[in-house]
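Read the structure below first, then the notes.
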Amino acid sequence: MKPVKILAPASVANLVCGFDVLGMSLANPADEMTISFSNTPGVKIIHEDEYNLPEDAEKNVSGVALLAMLKELDPSTGFELRVNKCIKPGSGLGSSAASCAGAVAAANILLGNKFSKEDLVRFAMAGEKLASGVKHADNIAPCLYGGITLIRSIHPLDIIKLSFPELYVTVVHPQIEVKTSDARQILRKQVLLKDAIKQWGNIAGLVAGFMQKDYELIGRSLEDVIIEPVRSILIPGFNEVKQKCKEAGALGGGISGSGPSVFMLSTEE
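To convert, take the position in the sequence shown, counting from 1, and add 76; that gives this note's numbering.
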């Protein structure tokens with residue numbers, strides 16, 4: 077069978093208030109990936125980019141995702157994956173998720189769509205665990221499903237694709253790197269009940285705003301009282317940038333994933 081070539085899109089996780097449960101795919105940038113069958117069982121990774129990422133399958137997020145898939149295939153199956161990463165690692169734009177999701181999506185096409193999207197999310201989360209230490213799907217789901225997704229649960233897996241109005245997304249990258257694992261380690265293990273209640277209201281309001289196409293409700297709900305106050309210290313000038321964007325007409329926004337990229341939603345370019 078001919079090799080399969082795909083683009084795996086960048087994504088914005090959390091959408092301010094929805095830590096680990098909300099995510100949105102972007103039109104660009106996107107990783108370029110090509111997969112083919114190999115005569116040798118297992119996974120061979122070849123990187124054609126500048127990032128010097130490991131090519132050992134067990135140390136590479138794409139490789140780990142494919143190895144998870146291989147556990148449910150004939151033991152003689154082998155893949156060769158070529159990756160040209162266009163999403164900078166550590167940018168907060170779902171770089172590792174694009175690698176994981178793109179790899180398993182391409183492999184699934186090669187296999188004649190043997191697996192469901194839910195299966196692909198499950199395989200890809202194994203790669204995300206290598207990257208961050210935790211299985212999460214807030215970048216993987218929008219990468220595979222497109223648009224904006226809500227992860228109601230990962231055990232069992234329950235993903236809802238949300239409707240939403242026309243929106244423009246502006247992303248600014250401050251040219252520093254923040255590792256997802258580091259950004260998770262600084263988070264508080266417990267939160268105040270009043271903050272949790274505020275956050276639940278914002279998540280519900282944001283989802284309702286998307287589905288009702290209510291821009292004012294979307295703007296009011298783009299508030300994070302739990303994660304952003306902690307992670308924003310890793311991004312110099314974050315509060316000033318956020319304020320200037322809102323003054324310029326943005327509905328609101330915040331840290332993209334674990335950062336350092338900052339995103340804003342607006343009704344106009």
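Every residue gets a Cβ at the ideal spot worked out from N, C-alpha and C, and that includes glycine.
Everything numeric in this text was worked out from a predicted model, so none of it was measured.
With distances taken between CB atoms, is the gap from residue i to residue j smaller than 9 Å?
i	j	result
N352	S172	Here the chain has residues from 77 to 345 only, and residue 352 is not among them.
M100	T256	no
V247	L327	no
L157	T116	no
A174	P85	yes
H123	N160	yes
L282	L91	yes
E299	N278	yes
C219	G285	no
V140	C176	yes
L310	I262	yes
V24	F95	Not covered by the structure: residue 24. The range shown for the chain is 77 to 345.
M287	F240	yes
S332	R260	no
Since residue i is in the beta strand (DSSP E), which residue starts that stretch and which ends it?
i	result
S229	224-230
V210	Here V210 belongs to no beta strand (DSSP E), and DSSP marks it neither H nor E.
V248	244-248
Going by DSSP, which residues form a beta bridge with residue i?
i	result
L238	I224
T256	DSSP output for T256 lists no bridge partner at all.
T153	DSSP, once it has assigned bridges, lists no residue as partnering T153.
R158	T110, I122
P85	A106
L269	Looking at the DSSP assignment, L269 forms no beta bridge with any residue, so it has no partner.
L196	According to DSSP, which records beta bridges pairwise, L196 is partnered with nothing at all.
I331	V338
L98	L226
V92	Per DSSP, none; premise fails for V92.
L233	I230
V80	I111
Along the chain, where does the alpha helix (DSSP H) containing residue i start, and where does it finish?
i	result
R307	304-307
M145	137-146
V180	171-186
Can you have a look at residue i and say buried or exposed, based on whether 16 or more other CB atoms are within 10 angstroms of its CB?
i	result
H212	buried
Y244	exposed
Y127	exposed
G188	exposed
L269	exposed
R198	buried
Q275	buried
P336	buried
S152	exposed
I236	exposed
N136	buried
K190	exposed
P312	exposed
Hey, which unbroken runs of the alpha helix (DSSP H) at 4 residues or more fall wholly within the stretch 288-328? 291-297, 304-307, 314-323
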